[in-house]
Structure formats: C-alpha cells, structure tokens
Amino acid sequence: MFSFTATFGNMQSFGVFQDFYTRIYFPDESPSTVSWIGSIQLALQFILGVVSGKLFDKGHFRLLMISGSLLFLFSSFMLSLVKPHHLYQALLSQGFGMGIGSGLMFLPALGLSSHYFRRRRAVAMGIMISSGSFGGVIYSILLNKILPREDLGFPWAVRFVAFINLVLLAVANLIMKPRPLARGSEPVDMGQIFRDGPYWITVFGLFLGFLGVFIPYFYLQLFSFTQGVDSKFLTWVIPILNAGAMAGRLMPSFLADRYGPLNVIVPSAFISGAIMWALLGVRNIAGVTVFALIYGFVSGAFLSLTSPAVAAFSTSPTMNDIGLRIGISCFFIGFALLGGNPIAGRLLDAPSYTWWRPLTFASVVMLTGSVLILYARQAVVKRRNGNRLV
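If you count by the working numbering, then the sequence shown holds residues 2 to 391, one letter each, in order.
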C-alpha cells in the first residue's frame, strides 16, 4: 500500500501538473507536448513490468524494490529543480526518472499480494491499487494549495511531495516480505501463454481501454478551467476524481472475488467509455463534481481489476506464471498509456480547446476494448465447461 500511495499517487495527481504546466510553467508548449511527461511516467511503470515481473518470479523482489525506491526518490527531488520554460528537465526527472523507478516497483508490489491472497486476490489487489487513489487525493490537494504561493511555489510543492514519498517508501521496504520460492517449482510454460487466444484478446482489449482511461485524469482540471468553472473549485477537481476512484477500486473488487474479475471489468470499461459523452454538456461545478465521482468510480474499478482479470488466465497450480502474464499485459498497456494522452492533447487543438474530439476518441477506444474483453470472457466460459464465474 505504501509504495502504491507514493508511485501511483503521484501519477493520479498529474492532472494538477498538466494544468499548471500548460497555463503557467510551460505556456509555450501545447497540451499534447506537456502530456508526454505524465504519459512517459505512466508508460514506463507498465512497460517495465515485463522485466520486473520476470525478475520477481525469479525471487529478486528486494533488489527491485530498493533500486526502484532510490531512483524514484532521487528523481522526485530533482523535479523540484526544474525551471520555467525548460520542459526537457521535467521530462527527464518526472517522465523518465520517476517512471523507471516506479516501473521497477509496480509489478513486484502487486505480485506480492497475489502470492499472499489466493481466495481474495481481487480484493487484495483492489486495496493495494486504491491506495494510489488515496495518494492522488492527498497530493493533488497539497500541490494545488502550494503551487500558487509565491513564497513556496513549484520547488517546495514538489519537495513536500518528495519528502512524503521518502517516508512511504522507507516504510514499504521495511515491512514488505516476499515469500520464499517453492523448491523444485516448474518453469513457466511460455508456449502455453503464447497459445492462449482469449488471453491475448483480453490484452488487446486492455490496450484499447488504457488508450482512453487516463484522459480525464490528465485533462479534467484543464477542462474545468476552460469551461469557466469557479477557479476556487479547480483545487478540488482531481481530488474528487481520485476519491471516486478510491471507492471504485475497493467496492467492485469484492464483487470480482464473488462473480469473477472478467464479469466485473467488462461493465466497468463499458460505462467508463459511455460516460465520456456526458462531459460535453458539463458547464458548472455540479456537473464536474457528478462526472468526476461517477467516472472516478467506474474507471477505478477498471484499473483495479486489470491485474486480477489477467491473473484469471493462469493455468499453473503454483501460480508461477502470474508475474509473467501480468508483466506481458502491462508491457502492451504501457504503449497505450504512452500514446493515449498525447493523442488526446493533439486532438484538443489548443488554444481553441475542441473538447468533443479527445472525448470521442476516449469513448470509442474504451467501448471497443470492453467488447473485446467480453468476447474473451465468453471463450473462457466455454473453456471452463460453462462456469460463468470468471
């Protein structure tokens, strides 16, 4: 939980940075260019999963956590030294540095919960990932309160967050204990994974879903500003979104353990895509609040159930293929995260801010992804002799 609060919490609050960078710190850059910072950070966290997942399966949990923590913290403090109009500095520290650091920690921390919780795996993962939303609430409030202050501003806003990260990751490294590898455990059957058609259909569906799911997390605060929403309320846009996501990552996880993760992730993805259209009619605080809560809830469910849905395809009695299966899916998801938000920024076409174009893009890819996962779910039901709890 502590590692997710630090790493995912930072990324869940990037909407504050997107708004601040676009309007104040890097005003000469387009929203699409600015979004590369957060997109690279997000993408590396997932792309590196194919490496960290494999190393985790081989028993290198401690090495991954310590090295990832050190790099993430170093980059967090380096971010505070970034100067206005020097976007490349933020790209190196926040995009690449923090992204690689969190990428080394993400899969090992998530995979550890799979090893300790077999019956309640979705709930365990949901609690883990919901801590990232909690971090997003705290960090976004902190950043929005400190960034406008002339006596503190950007450098100290980032340093306050970095010091919190230092405490959280220190605690995480002290209390997280991997289980010893089972002696004589069989090697992962790579051929079986590559021949698993429903698994790959699900991976492609998740790829499409992740092209669009983070677009509101990056752009909702900027959207609210351009729609003339009260500036005093802007501080609360991302926290409200993350509060909804925190509930969405917890409550549906209990349903997933009872009815199956694939049965719950499909409607979560579908509703996330469908509700994008509602944002086109939002012009006031009430509308932004309702959208943020509902979208945060359903998208939070989608995000938290990604790993349990992929883990459901495991065919190994010892579950020694979970890390690799999740790692492979995260590798492809990472490329979706790398491109989704910059594509949305380019479609936005600042300074005219044509919002219907990025929202249509986000909606279509998420709806298509949900249909593909539904199709894969039907194949799994047949493979399990009609058992629909998948």
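The beta carbon of each residue, even a glycine, is placed where N, CA and C say it ideally should be.
Please determine, among 101, 212 and 15, the residue with the shortest C-alpha to C-alpha distance to residue 370.
-> Considering only alpha carbons, the answer is 212.
Which of helix, strand or coil DSSP assigns to residue 439 | There is simply no residue 439 to check, as the chain begins at 2 and stops at 391 in what is shown.
Where does residue 228 fall in DSSP's three states?
-> If DSSP states are grouped into helix, strand and coil, residue 228 belongs with coil.
Does the beta-carbon distance from residue 325 to residue 102 come in below 8 Å?
-> The answer is no: Cβ separation not under 8 Å.
Is the region 287-306 touching the region 235-249 in the sense that three or more CB pairs, one from each, lie closer than 8 Å?
-> Result yes; three or more Cβ-Cβ pairs closer than 8 Å.
Report yes if the C-beta distance between residue 138 and residue 11 is below 8 Å; otherwise report no.
-> Their beta carbons are not under 8 Å apart, which means residue 138 does not touch residue 11 by this criterion.
Residue 13 versus 33, 51 and 135, residue with shortest Cα-Cα distance = Nearest of 33, 51 and 135 to residue 13, Cα basis: 135.
Quick one: Cα of residue 239 to Cα of residue 218, how far?
-> If you draw a straight line from the Cα of residue 239 to the Cα of residue 218, it is about 7 Å long.
Would you identify the three-state DSSP class for residue 261, choosing helix, strand or coil?
-> DSSP places residue 261 outside both helix and strand once states are collapsed to three, so it counts as coil.
Contact the region 34-51 vs the region 148-158: 3+ CB pairs below 8 Å = No contact exists between the region 34-51 and the region 148-158.
Where does residue 164 land, buried or exposed, given buried means 16+ other C-beta within 10 angstroms?
-> Here residue 164 is exposed. Its C-beta has fewer than 16 other C-beta atoms within 10 Å.
Can you name the start and end residues of the alpha helix (DSSP H) that residue 174 belongs to?
-> DSSP places residue 174 inside the alpha helix (DSSP H), whose first and last residues are 154-176.
Considering only C-alpha positions, which residue in the set 315, 364 and 24 is nearest to residue 195?
-> That would be 315, whose Cα lies nearest to the Cα of residue 195.
So is the beta-carbon of residue 325 under 7 Å away from any non-hydrogen atom of the ligand NAD?
-> This structure simply doesn't include the ligand NAD, nor any ligand for that matter.
Grab me the residues of residue 17's own chain with a C-beta within less than 7 Å of its C-beta, minus the 5 sequence neighbours each way, in chain order.
-> Excluding its 5 nearest sequence neighbours in each direction, residue 17 has C-beta neighbours in its own chain below 7 Å: 141, 144, 145, 222 and 239, listed in chain order.
CB residue 51 to CB residue 329, shorter than 8 Å?
-> Yes, these two residues count as a Cβ contact at 8 Å.
Report yes if the C-beta distance between residue 265 and residue 306 is below 8 Å; otherwise report no.
-> Yes; because the gap between Cβ atoms is below 8 Å, this pair is in contact.
Quick one: what does DSSP say residue 355 is sitting in, helix, strand or coil?
-> In the three-state DSSP reduction, residue 355 falls in the coil class, being neither helix nor strand.
So what does DSSP say about residue 191, is it helix, strand or coil?
-> DSSP places residue 191 in helix when its eight states are reduced to three.
Closest to residue 377 by CA distance: which of 262, 285 and 198 is it?
-> Out of 262, 285 and 198, the CA that lies nearest to the CA of residue 377 is found in 198.
With DSSP run on the structure shown, which of helix, strand or coil describes residue 79?
-> Residue 79 falls in the helix class under three-state DSSP.
Find out if the Cβ-Cβ distance for the pair residue 94, residue 106 is shorter than 8 Å.
-> Taking 8 Å as the Cβ cut-off, residue 94 and residue 106 do not qualify as a contacting pair.
If you draw a straight line from the alpha carbon of residue 160 to that of residue 77, how long is it in whole angstroms?
-> Linking residue 160 to residue 77 through their CA atoms gives a straight-line distance of about 8 Å.
Burial state of residue 19 (16 or more Cβ within 10 Å) | With 16 or more other Cβ atoms within 10 Å, it is buried.
Quick one: give me the first and last residue of the alpha helix (DSSP H) that residue 277 is part of.
-> First-last for residue 277: undefined, no H or E at that position.
Close-in-space but distant-in-sequence residues of the same chain around residue 3 (CB under 6 Å, 5 per side omitted) | Closer than 6 Å at the Cβ level, and outside the excluded window around residue 3, lie 169, 172 and 173.
Return the residue from the list 128, 92 and 67 that minimises the CA-CA distance to residue 175.
-> Scanning 128, 92 and 67 for the CA closest to the CA of residue 175 turns up 67.
Taking the alpha-carbon positions, what's the residue 277 to residue 29 distance?
-> For residue 277 and residue 29, the gap between their C-alpha atoms comes out near 28 Å.
Reduced DSSP category for residue 84 - H, G, I as helix; E, B as strand; rest coil | Coil.
Which listed residue (34, 220, 384 and 339) has its alpha carbon closest to that of residue 359 | Closest option to residue 359, judged by alpha-carbon separation, among 34, 220, 384 and 339: 220.
Write down the C-beta distance between residue 346 and residue 33 rounded to the nearest angstrom, noting that I regard them as a contact closer than 8 Å.
-> The C-beta distance from residue 346 to residue 33 rounds to 3 Å, short enough to fall under 8 Å.
Beta carbon of residue 292, beta carbon of residue 283: below 8 Å?
-> Residue 283 sits close to residue 292, with the two beta carbons spaced by under 8 Å.
Could you please give the first and the last residue of the uninterrupted alpha helix (DSSP H) stretch that includes residue 96?
-> Unbroken run through residue 96: none, as it is neither H nor E.
Cβ-based burial, residue 232 [other Cβ within 10 Å; buried from 16] = Exposed, because fewer than 16 other Cβ atoms sit within 10 Å of the Cβ of residue 232.
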